Amino acid sequence: MNTLYSFRRCPYAMRARMALRYSAVPVQIVEVSLKAKPADMLALSAKGTVPVLNADGQVIDESLQIIDWALAQNDPQDWRLKDDPAAQSLAAALIEENDQVFKVHLNHYKYAERYPQFPMPHYRAEGEVFLRRLDGLLQQQRYLLADHPSLADIALMPFIRQFAHVDRDWFGQTPYQHLQGWLDGMIESALFTQIMAKQPDSHPYG
Ligand SMILES: N[C@@H](CCC(=O)N[C@@H](CS)C(=O)NCC(=O)O)C(=O)O
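Position 123 of the sequence shown, counting from 1, maps to 123 under this note's numbering, and the rest follow consecutively.
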């Protein structure tokens with residue numbers, strides 16, 4: 001049995017849930033409270049971040065590794081771009097920039113009042129550099145690295161969505177129309193809709 005400890009609104013957990021659902025591996029999703037993490041999750045992974053996958057005893061507690069594991073089980077639409085090493089390198093570089101650089105700008109922008117060294121538009125402009133780059137890629141093809149989704153689209157989308165949702169009016173008036181279309185399509189996709197559906201509350205009295 002596979003279990004994923006997850007938090008619905010966590011972007012790292014979102015990308016793991018998308019990859020697991022796409023791979024069609026059966027997984028029980030356990031929605032955790034980040035303020036009261038379950039003891040069985042902490043016993044598997046002491047660092048206390050979600051997502052954590054328990055794949056039949058193998059514990060994976062990094063979202064990118066969970067994606068790799070899922071795609072190794074089943075990758076029907078070639079999210080790994082397995083015959084295109086150049087695209088694979090670009091995917092790795094985009095994910096690295098997202099996780100190490102853009103994510104920092106996103107946090108500063110979203111919580112600008114906590115970082116009074118600079119006014120909010122400064123942080124937004126720092127993040128915008130990445131948006132511009134992605135829009136450039138999407139001018140060439142429908143998804144970031146091909147005409148079909150790849151793991152780069154899945155890994156980045158929850159973070160771009162968060163950035164866009166800090167101020168939807170601002171995002172809507174930017175010149176990044178390809179990125180806007182890409183994000184709308186990803187948000188409206190069956191895959192994303194399914195992984196964001198609220199699970200029925202498990203009720204202690206059955
Ligand atoms: N590098 C980790 C990051 C995961 C992460 O930071 N998750 C956040 C929630 S979005 C978390 O669990 N934070 C711990 C907490 O809030 O207590 C991954 O990719 O899985």
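A virtual CB, placed ideally from N, CA and C, is assigned to each residue, including glycine. Since the structure is predicted, the reported quantities are computational estimates derived from the model, not experimental observations.
_Nonlocal neighbours in the same chain, by C-beta distance under 8 Å from residue 160, ignoring five residues either side_ = 131, 134, 179, 183.
Checklist entry - Cβ of residue 172 versus every heavy atom of ligand 1: is any distance shorter than 7 Å? => result Residue 172 Cβ: outside cutoff for every heavy atom of ligand 1.
### Reduced DSSP secondary structure (H/G/I, E/B, other) of residue 104
The answer is helix: DSSP assigns residue 104 an H, G or I state.
*The alpha helix (DSSP H) enclosing residue 6, as first and last residue numbers*: Premise fails: residue 6 lies in the beta strand (DSSP E), 2-6, not in any alpha helix (DSSP H).
Exercise for the section: Out of 46, 31, 151, state which residue places its alpha-carbon closest to the alpha-carbon of residue 199. Expected result: It is 31 whose Cα lies nearest to the Cα of residue 199.
> Between residue 75 and residue 11, what straight-line distance do the alpha-carbon atoms span, to the nearest angstrom?
Replying inline: Approximately 21 Å, taken between the alpha carbons.
- Item | Cα-Cα separation between residue 43 and residue 102, rounded to whole angstroms | Here the alpha carbons of residue 102 and residue 43 stand approximately 31 Å from one another.
Quick check on residue 124: buried or exposed, where buried means 16 or more other Cβ atoms within 10 Å of its Cβ? Buried, since its Cβ has 16 or more Cβ neighbours within 10 Å.
I'd like to check one pair, residue 64 with residue 155: are the Cβ atoms closer than 8 Å?
Residue 155 places its beta carbon less than 8 Å from that of residue 64.
Report task. Tell me residue 54's beta-bridge partners as DSSP assigns them. Result -> BP columns for residue 54 point to 3, 59.
Boundaries (first-last residue) of the alpha helix (DSSP H) holding residue 166 = In this chain, the alpha helix (DSSP H) harbouring residue 166 covers 151-166.
Could you give the DSSP three-state label for residue 32: helix, strand or coil?
In the structure shown, residue 32 sits in coil (DSSP, three-state: anything other than H, G, I, E or B).
Q) What first and last residue would you give for the alpha helix (DSSP H) that runs through residue 134? A) 120-138 is the extent of the alpha helix (DSSP H) around residue 134.
Original post:
Do you know offhand how far residue 2's Cα is from residue 38's?
Top reply: Each residue's Cα considered, the two are about 16 Å apart.
* To do: Tell me whether residue 148 is buried or exposed, calling it buried when 16 or more other Cβ atoms sit within 10 Å of its Cβ.
  => Exposed, because fewer than 16 other Cβ atoms sit within 10 Å of the Cβ of residue 148.
Length of the line joining the Cα atoms of residue 127 and residue 188
For residue 127 and residue 188, the distance between alpha carbons rounds to 24 Å.
Quiz item: From which residue to which residue does the alpha helix (DSSP H) around residue 208 run?
Solution: It is not possible to answer for residue 208, since the shown part of the chain is limited to 1 through 206.
Sequence-distant residues of its chain with Cβ nearer than 8 Å to residue 59 (five each side left out)
The residues 44, 45, 52, 53, in chain order, have a CB closer than 8 Å to that of residue 59 in the same chain once the five nearest residues on each side in sequence are set aside.
- Message: Helix, strand or coil for residue 206? Go by DSSP, reduced to three states.
- Response: The pLDDT assigned to residue 206 is 41, lower than 50, so where the model puts this residue is not dependable; a value taken from the coordinates is nonetheless given after this. Per DSSP, reduced to three states, the secondary structure at residue 206 is coil, with no helix or strand assignment.
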